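Following: one structure in structure tokens, then a few remarks.
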Amino acid sequence: MASAQGSSVSVVPVAEKMVINQLRYPGTVSSLKRAELSSSVSGLVETVHVEPGDSVEKGDLLITLDKEVEIETLRGLKALWDNQKILLEEAVLLYTESKKMHENGHFPAVEFAQRELAVSSHKALLSSAKAHYEKQQALLKRYDVRAPFSGIVEVKSTEVGQWLDSGDHALTLTSMSELRIDAYIPQRQYELLHNKKALRVGLESNKVITLDAKIDKLVPILDKQARTFLVRIKAAELHPSLIPGASVSVLINDPNSQNLGLFIPDNAIVHHPDGGASVFIMKKEGEKSYAQRKLVKLGKEQDNQVRVLSGLNSTDLVIASMVQTLADKQEVQLTNPVSL
Numbered sequence: 001m002a003s004a005q006g007s008s009v010s011v012v013p014v015a016e017k018m019v020i021n022q023l024r025y026p027g028t029v030s031s032l033k034r035a036e037l038s039s040s041v042s043g044l045v046e047t048v049h050v051e052p053g054d055s056v057e058k059g060d061l062l063i064t065l066d067k068e069v070e071i072e073t074l075r076g077l078k079a080l081w082d083n084q085k086i087l088l089e090e091a092v093l094l095y096t097e098s099k100k101m102h103e104n105g106h107f108p109a110v111e112f113a114q115r116e117l118a119v120s121s122h123k124a125l126l127s128s129a130k131a132h133y134e135k136q137q138a139l140l141k142r143y144d145v146r147a148p149f150s151g152i153v154e155v156k157s158t159e160v161g162q163w164l165d166s167g168d169h170a171l172t173l174t175s176m177s178e179l180r181i182d183a184y185i186p187q188r189q190y191e192l193l194h195n196k197k198a199l200r201v202g203l204e205s206n207k208v209i210t211l212d213a214k215i216d217k218l219v220p221i222l223d224k225q226a227r228t229f230l231v232r233i234k235a236a237e238l239h240p241s242l243i244p245g246a247s248v249s250v251l252i253n254d255p256n257s258q259n260l261g262l263f264i265p266d267n268a269i270v271h272h273p274d275g276g277a278s279v280f281i282m283k284k285e286g287e288k289s290y291a292q293r294k295l296v297k298l299g300k301e302q303d304n305q306v307r308v309l310s311g312l313n314s315t316d317l318v319i320a321s322m323v324q325t326l327a328d329k330q331e332v333q334l335t336n337p338v339s340l
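Here it is in structure tokens:
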């Protein structure tokens, strides 16, 4: 027996349950919104307000083109519009003055008709001046490139002083809120997934992370070469590791699996530096209880427990606390009542 005797521990029975065989397929995280932004007008880049990695909101100003000439044009059109307002007011005044005299027979009919036509003409000219002014206003706004949606600036391909032609690529913007996982699944699994909504996805990280997910879209058209079909999956929650372009595993439970397996909680496992693993089981000798180390071969995780492929029996009681400090044959005391 080890010198540190009587350590208080808790035990759990080895769980025997149906093994869920998981089919695993590679998938890639993609964003539903990804835009290669450009300017709708040509011009000299005056200011680039963002850098790759910057987070922006819908409507934020991203790039400003030099618009000095367009601003001066707008001022000129505003002056023409204001002048047309004055000319219309004069024409209306002359028309109003002559109307009463014309009705009393004291004003020539031809000249009155000319004044009436002048009012109509100036109204048309005023509408035209206003339209030209508003058109220039709209054109001026096109010299600002704004974010069409919230997201992250992925690529910047222009700089201050560069001439940007209409349609030239300037920035790439990617939404981080509307993410999906695209996976190409073999033809033989189509029937399985056709009526299936829930599944899980595994993230490639420094630890095992799985998330609940559901099928968002299933494209019922096969790739003629690979004989696969596209499944678009939506994770139930956003996770820091879910970023566009990331690799994930799509995990699908196989309903045809019928095998029984032994499972224990992860906190009962002692992981060795060489990659092996062991557990302590509770043994009784007379009135004393002690811990016995058992080397085990581990399988996959299922329902927050780890499958044991070899090294344990279904009747074993596994110590689930203090395992990192225990030694083989060390005397222990139970903190939870279990029949031995």
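The sequence shown begins at 1 in UniProt numbering and counts up by one.
We treat Cβ as the ideally placed atom computed from N, Cα and C, and that holds for glycine.
Just so it is clear, the structure is predicted and the values come from calculations on it, not from any experiment.
Residue range 43 to 48 is occupied by the beta strand (DSSP E) that includes T47. At the C-beta level, E134 and S31 stay beyond 8 angstroms of one another. Of the other Cβ atoms in all chains shown, 16 or more fall within 10 Å of the Cβ of R180; this residue is therefore buried. For A138, the enclosing alpha helix (DSSP H) begins and ends at 109 to 141. Checking the DSSP bridge columns, you'll see N253 partnered with Q22. For L326, the three-state secondary structure derived from DSSP is coil. When Cβ pairs closer than 8 angstroms are counted between the two stretches, the segment 51 to 68 is seen not to touch the segment 210 to 217, the count staying below three. Membership of R75 in the alpha helix (DSSP H) is indicated by the continuous run 68 to 103. In terms of Cβ geometry, T174 and E204 do not form a close pair [threshold 8 angstroms]. Annotation note: the UniProt domain "CusB-like beta-barrel" (181 to 254) contains the following uninterrupted beta strand (DSSP E) runs of length 3 or greater, listed N- to C-terminal: 198 to 203, 209 to 218, 228 to 235, 247 to 253.
In the three-state DSSP reduction, D144 falls in the strand class (E or B). If you draw a straight line from the Cα of V323 to the Cα of P240, it is about 32 angstroms long. With contacts defined as CB atoms closer than 8 angstroms, E16 and L309 fail to qualify as a contacting pair.
The beta carbon of D54 sits closer than 6 angstroms to the beta carbons of V153 from its chain, once the five residues preceding and following it are set aside; these are given in chain order. In the structure shown, A291 falls within a strand segment according to DSSP collapsed to helix, strand and coil. Residue pairing by DSSP places I281 opposite Q292, V318 in a beta bridge.
According to the DSSP assignment, H169 belongs to the beta strand (DSSP E) that extends over 169 to 174. The beta carbons of L23 and I252 sit closer together than 8 angstroms. Short of 6 angstroms from the beta carbon of D254, and not among the five residues preceding or following it, lie these beta carbons of its own chain, in chain order: N21, L23.
Contact check between the segment 137 to 147 and the segment 55 to 64: three or more CB pairs, one atom from each, fall below 8 angstroms, which counts as touching. Residue nearest to I269 within the set S278, S39, F263 is S278 (criterion: CA-CA distance).
Taking each of L44, L317, L230 in turn and checking the Cα distance to P186, the smallest one comes out for L230.
A direct Cα-Cα distance of roughly 59 angstroms separates L74 from Y25. The alpha-carbon separation between R115 and N104 amounts to approximately 17 angstroms.
Burial state of I243 is exposed, judged by a 10 Å Cβ sphere holding fewer than 16 other Cβ atoms. DSSP places L334 in the uninterrupted beta strand (DSSP E) bounded by 331 to 334. Pairwise C-beta distances place the segment 288 to 302 in contact with the segment 315 to 331, as three or more of them are shorter than 8 angstroms.
Apart from the 5 residues on each side of it in sequence, T172 sits with its Cβ closer than 6 angstroms to the Cβ of E36, E154, V155 in its chain, given in chain order. In the DSSP assignment, S310 falls within the unbroken beta strand (DSSP E) covering 305 to 310.
Burial of H122 is indicated by the presence of at least 16 other C-beta atoms within 10 angstroms of its C-beta.
In the DSSP annotation of this structure, L32 is not part of any beta strand (DSSP E), being labelled neither H nor E. Taking 8 angstroms as the cut-off, the beta carbon of V48 is found closer than this to the beta carbon of E159.
Of the other Cβ atoms in all chains shown, 16 or more fall within 10 Å of the Cβ of W81; this residue is therefore buried.
Between V306 and I281, the gap from beta carbon to beta carbon reaches 8 angstroms or more. A direct Cα-Cα distance of roughly 28 angstroms separates I209 from S314.
CA-to-CA, the gap between V9 and N336 works out to about 8 angstroms.
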